[in-house]
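For reference, each letter of the sequence shown is one residue, going 44 to 194 in the working numbering.
The beta carbon of each residue, even a glycine, is placed where N, CA and C say it ideally should be.
Everything below concerns the one structure shown next.
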Amino acid sequence: MPVPKEEVLELMRMTVDPAEVGEIRELWKEHSKAEDSRSIEGLLATLSEDCVYTVYPDDVSWHGHEGAARFYTELLTAFPDIVFELQNIVIGPQGVVEEAIVTGTHRATWLDQEPTGERMTWRNAIFFPWDRESRRFKGERVYTDMPRRVT
Numbered sequence: 044m045p046v047p048k049e050e051v052l053e054l055m056r057m058t059v060d061p062a063e064v065g066e067i068r069e070l071w072k073e074h075s076k077a078e079d080s081r082s083i084e085g086l087l088a089t090l091s092e093d094c095v096y097t098v099y100p101d102d103v104s105w106h107g108h109e110g111a112a113r114f115y116t117e118l119l120t121a122f123p124d125i126v127f128e129l130q131n132i133v134i135g136p137q138g139v140v141e142e143a144i145v146t147g148t149h150r151a152t153w154l155d156q157e158p159t160g161e162r163m164t165w166r167n168a169i170f171f172p173w174d175r176e177s178r179r180f181k182g183e184r185v186y187t188d189m190p191r192r193v194t
């Protein structure tokens, strides 16, 4: 097994401060409520200025608040009725990891996939890395098994 990179070792060595974990939990709740209410402004308020959104396995990224706003605008346009049904969550000093079953009707292009008009269901695992300096999330790393059409 390879030795983890120094950044990973730093994450593993982080001390747990219950007050900070509570702060992270509350910010995640704010983020989730903003997403449910389709508030781009509310979502951006939970993110660091230099946030990065990446979706895997596509390996597509959006950078900064402008990029995050594009990410959400594109996602919510493609799936205007999107629902994230939380299945699991872990909160610690490194951030938040959640697992969700996602459903939505594919109404516009998303990740180079043309709209099908079909109701879709898939799983996401999302990591929200915590930025101790800004007291915000540094974005999201979204791992998805969303169905794809071969083009």
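Annotation: the continuous beta strand (DSSP E) that includes V95 extends over 90-99. Taken through DSSP and simplified to helix, strand or coil, S75 comes out as helix. Sequence-distant Cβ neighbours of R113 in its own chain, meaning closer than 7 Å and more than five residues away, are W105. Counting only the Cα atoms, T164 lies some 28 Å from G135. Around D124, the same chain offers G147, T148 as residues with beta carbons nearer than 6 Å, after the five sequence neighbours per side are excluded. By the 16-neighbour rule on beta-carbons within 10 angstroms, S177 is exposed. Excluding residues up to 5 positions away in sequence, P136 lie with their Cβ nearer than 7 Å to the Cβ of E63 in the same chain. Judged by DSSP in its simplified three-state form, H106 adopts strand. Proximity to L129 across I144, L119, Y115 peaks at I144, based on C-alpha coordinates.
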